[in-house]
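Asks:
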Amino acid sequence: MRSARLIYNPTSGREEMKRRLADILDRLDSAGIETSSHATKGEGDATREAADAVERGYDLVIAAGGDGTINEVINGMAGRDNLPPLGIFPMGTTNDFARALGISKNWEEYCDLVIRGETRPIDVGKANDRYFINIAGGGTLTELTYEVPSKLKTMIGQLAYYLKGIEKMVSLTPQELIINASGHEAIHDEFMVFLIANSNSVGGFDKIAPGASIDDGLFDVIALRKCNLAEFVRVATLALRGEHINDKKVVHFRTDYMEVVSPGPVQLNLDGEFGGVLPGTFRVLPQHLRIFG
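Here this note's numbering is used: the first residue of the sequence shown is 162, the next is one more, and so on.
#1: Would you give the residue range spanned by the beta strand (DSSP E) that Leu341 belongs to?
#2: Please name the residue in Phe258, Leu338, Gly174 and Ser191 whose C-alpha comes closest to that of Leu439.
#3: Among Ile249, Ile369 and Met419, which residue has its Cα nearest to the Cα of Lys266?
#4: Ignore the nearest five residues each way along the sequence and tell me which others in Val382's own chain have a CB closer than 6 Å to its CB.
#5: Do Met238 and Ala211 have their beta-carbon atoms positioned less than 7 Å apart in this structure?
#6: In angstroms with no decimal places, state the Cα-to-Cα distance between Gly218 and Phe443.
#7: Using a Cβ-Cβ cutoff of less than 8 Å, which residues in the same chain neighbour Phe366 once the five nearest sequence positions on both sides are dropped?
#8: What separation, rounded to the nearest whole angstrom, lies between the Cα atoms of Leu390 and Asp242?
#9: For chain B, find out if any of its Cβ atoms is closer than 7 Å to the Cβ of Val394; answer yes or no.
#10: So, with DSSP's three-state summary, where would you put Ser360?
#11: Which first and last residues belong to the beta strand (DSSP E) in which Arg163 is found?
#12: Beta carbon of Met178, beta carbon of Ala224: below 7 Å?
#13: Should Met419 be labelled buried (16 or more other beta-carbon atoms within 10 Å of its own) or exposed?
#14: Starting from the N-terminal side, write out each stretch of the beta strand (DSSP E) that is 3 residues or longer and does not extend beyond the segment 240–283.
#15: Measuring only the C-alpha atoms, how far is Arg386 from Ile276?
#16: DSSP state of Asp184, grouped into three classes?
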């Protein structure tokens, strides 16, 4: 019999996991996967539990929650040897990573996939001493994902991000950045935002980094140069269709390693959570983890 540790956020989404937990445990157990569960109690709890699960030798780890919960679990697992495969029940507001992998939100279908043992290798990103699985970024706009109150996200979902984004737009300010990336000339300019994508789904949109792949060993880097509100709206409209990559205000390239510094304070966002401040060193860990999906 295989053993599994299920780490879930009881408040993610509309608290669906609390309603489905008994059914999920029963379905896995009946298929020969003895599963214990842990409800997270606060920030960092999922990271500690995931690290403990790896140390205790569980055959698989399952994360249930939004992108923030998954990020915490990744940070408890990544960088270690002999990692068990990871399963993901997407229970958050945007579920960027699950969307990029095409993971079903139907819990029964996903349980069956885990039972069959269907996994695929994926890249993991490392930002300074932390890990991310989907997106790293910096700039004013990246702050909105962790500024939206969790209760508001639960109540109105992705609309909460749109409302916060509108509020941010009236106070957009460029930030001076120096970007040094492997295989590219250094860039020194003023930017509104920079994004380091490990997949093609960012903020609920699947065309922000249209060519990004989760297992190619490369980041897709997208940065928006200093612009006025009208130019920002134009680029944002193009981005909805995936047509922004060649715009004169947009910098786009692929790399497996980059360093970003700024003379001013710039906050980092990792998978929708606060990730510290610049300077930042970002590297790809190629096919570092196996995912059920």
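Note that CB positions come from ideal geometry on N, CA and C, so glycine has one too.
In this text the structure is predicted, and so the values were computed from the model without any measurement.
Replies: So, to answer that:
#1: Taking the first residue of the sequence shown as 1, we reach residue 341 at position 180. In the sequence as displayed, the identity of residue 341 is Asn instead of Leu. Its beta strand (DSSP E) spans residues Gln336 to Ala342.
#2: Walking along the sequence shown from the start, residue 439 turns up at place 278. With distances taken between Cα atoms, Leu439 lies closest to Leu338.
#3: In the sequence shown, residue 266 corresponds to position 105, counting from 1. Of the candidates Ile249, Ile369 and Met419, the one whose C-alpha sits nearest the C-alpha of Lys266 is Ile249.
#4: The residue labelled residue 382 in the question sits at position 221 within the sequence shown. Sequence-distant partners of Val382 (beyond 5 residues in either direction) whose C-beta falls short of 6 Å from its own C-beta, in its chain, are Ile357 and Phe414.
#5: As a working mapping, residue 211 is identified with position 50 in the sequence shown. As a working mapping, residue 238 is identified with position 77 in the sequence shown. When the beta-carbon positions are compared, Ala211 and Met238 come within less than 7 Å of each other.
#6: Position 57 of the sequence shown, counted from the first residue, corresponds to residue 218. Position 282 of the sequence shown, counted from the first residue, corresponds to residue 443. Spanning the two alpha carbons is a distance of roughly 29 Å.
#7: Reading the sequence shown from its first residue, position 205 is the one you call residue 366. The beta carbon of Phe366 is closer than 8 Å to those of Ala400 and Leu401 in its chain, skipping five residues each way along the sequence.
#8: Sequence index remark: in the sequence shown, residue 390 carries index 229 (1-based). Sequence index remark: in the sequence shown, residue 242 carries index 81 (1-based). Each residue's Cα considered, the two are about 47 Å apart.
#9: You won't find chain B in this structure, because it holds only one protein chain.
#10: Start at 1 with the first residue of the sequence shown, and residue 360 comes out as number 199. In the three-state reduction of the DSSP assignment, Ser360 falls in the coil class, being assigned neither a helical nor a strand state.
#11: The count along the sequence shown starts at 1 and reaches residue 163 at position 2. Going by DSSP, Arg163 is part of the beta strand (DSSP E) stretching over Arg163 to Tyr169.
#12: Here residue 178 refers to the residue found at position 17 of the sequence shown. Here residue 224 refers to the residue found at position 63 of the sequence shown. Taking 7 Å as the Cβ cut-off, Met178 and Ala224 do not qualify as a contacting pair.
#13: Within the sequence shown, numbered from 1, the residue matching residue 419 stands at position 258. By the 10 Å Cβ count, Met419 comes out buried.
#14: Runs of the beta strand (DSSP E) lying entirely within the segment 240–283 and spanning at least 3 residues, in chain order: 247–251.
#15: Indexing the sequence shown from 1 puts residue 386 at position 225. Indexing the sequence shown from 1 puts residue 276 at position 115. The alpha-carbon atoms of Arg386 and Ile276 are separated by roughly 47 Å.
#16: Stepping through the sequence shown from its first residue, residue 184 is reached at position 23. Under the three-state reduction of DSSP output, Asp184 falls in the helix class.
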